[in-house]
Amino acid sequence: MSNVLKKSTFNKGVLATMIGLLTFIVSVSLTLGAGVAEGAANTSSKAAIAKKSRYTFKMSDGNTNYDIYIYSSKETKGVESDSWACAKKGEPYYTGTYTAAVFKQGSSTPTYLNLGKQYFNPQSKKSYAYVVSGKPDLLAINTCEASSVASVNLFYMNQNNLVAVKNTLYTINGKNIKSIGNLQFQSVFYDNADDVGYHFENWQFNKSKASLTLKKTYSLSESTGMLDFSTGIYEYWLSHPAYKVDEHTFEEDED
């Protein structure tokens, strides 16, 4: 009887040990599997966002680089049925509520910013998104308002987050904002009514306040006697990224 009890106790002990060992192995396997799955999910998440993005950009805050993906989970594609001030008949356009996903270079964990409802027509280059190179870079969302007028909402990177600039600028349709150094940007709009011509505006960027302050306006227009030269100067400004309109512009044309 004693031997039977000892044998029974031994078998129960071995069984308990085996069960404990199996439980440990299963636990470790599940933990490792979860870690691999989580890593795969993060990787596929970035890839999935990139795949469905309407725009993909690289931006810098002056020190760190970021990948920016602009997408809508419920994007709708349409085709312009008629020509109008901001598009031509037959051009494709896209609408939806868009989000910007921001990945710090080397990271698979994004931050997000809701960009709200947008209309994009990449072909017309009038309602679209682009990046203004500078220190920092600015993301510009250009919305066509008329044949020669666009409202531009700007964004910049601050501590791994994409932040909206408080001001809305009004420019000619297209890429009509450039960095001119020292946290200043120059934009241009065209007036075809009150003071016909091109007007270049210098803006001082305040990163802590997320705002732009108008510092100076240079008018190549009827009122300054520069209208005849304005188109040529504007085209030169467009084609030469380092060129800016300033006091010397007026001196050069006087010569």
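In terms of our numbering, the sequence shown opens at residue -4 and continues consecutively. Glycine included, every Cβ here is placed at the ideal spot set by N, Cα and C. Note that the structure is predicted; figures quoted are calculated from it, not measured.
{"Asked": "I believe Ser157 touches Ala135 by the beta-carbon criterion, under 8 Å. Please report the beta-carbon distance rounded to the nearest angstrom.", "Found": "Checking the displayed sequence, the identity of residue 157 turns out to be Leu instead of Ser. The pair is not a contact, with the Cβ atoms about 12 Å apart (cut-off 8 Å)."}
{"Asked": "Mind checking Gly28: buried by the 16 CB within 10 Å criterion, or exposed?", "Found": "Reliability of the predicted coordinates at Gly28 is poor, the pLDDT of 40 falling under 50, and the value obtained from them is presented with this limitation in mind. Exposed."}
{"Asked": "If you check the beta carbons only, do Pro131 and Asp56 fall under 8 Å apart?", "Found": "yes"}
{"Asked": "Can you look up Leu178 in the DSSP assignment and give me helix, strand or coil?", "Found": "coil"}
{"Asked": "Tell me whether Ile331 sits in a helix, a strand or coil according to DSSP, three-state version.", "Found": "Since the first residue shown for the chain is -4 and the last is 250, residue 331 is missing from the structure and cannot be characterised."}
{"Asked": "Per DSSP, Met221 forms a beta bridge with which residues?", "Found": "DSSP lists no partner for Met221."}
{"Asked": "Determine whether the beta carbon atoms of Lys112 and Thr92 lie at a separation below 8 Å.", "Found": "yes"}
{"Asked": "Label Leu164 either buried or exposed according to how many other C-beta atoms from any shown protein chain fall within 10 Å of its C-beta, with 16 as the threshold for buried.", "Found": "buried"}
{"Asked": "Which residues mark the beginning and the end of the beta strand (DSSP E) in which Glu140 is found?", "Found": "Leu133 to Ala141"}
{"Asked": "Might you give, ordered along the chain, the residues of its own chain that have their beta carbon closer than 7 Å to the beta carbon of Pro236, omitting 5 neighbours on each side?", "Found": "Lys173"}
{"Asked": "Buried or exposed, going by whether 16 or more other CB atoms sit within 10 Å of the CB of Gln154?", "Found": "exposed"}
{"Asked": "Please classify His243: is it buried, with 16 or more other beta-carbons within 10 angstroms of its beta-carbon, or exposed?", "Found": "exposed"}
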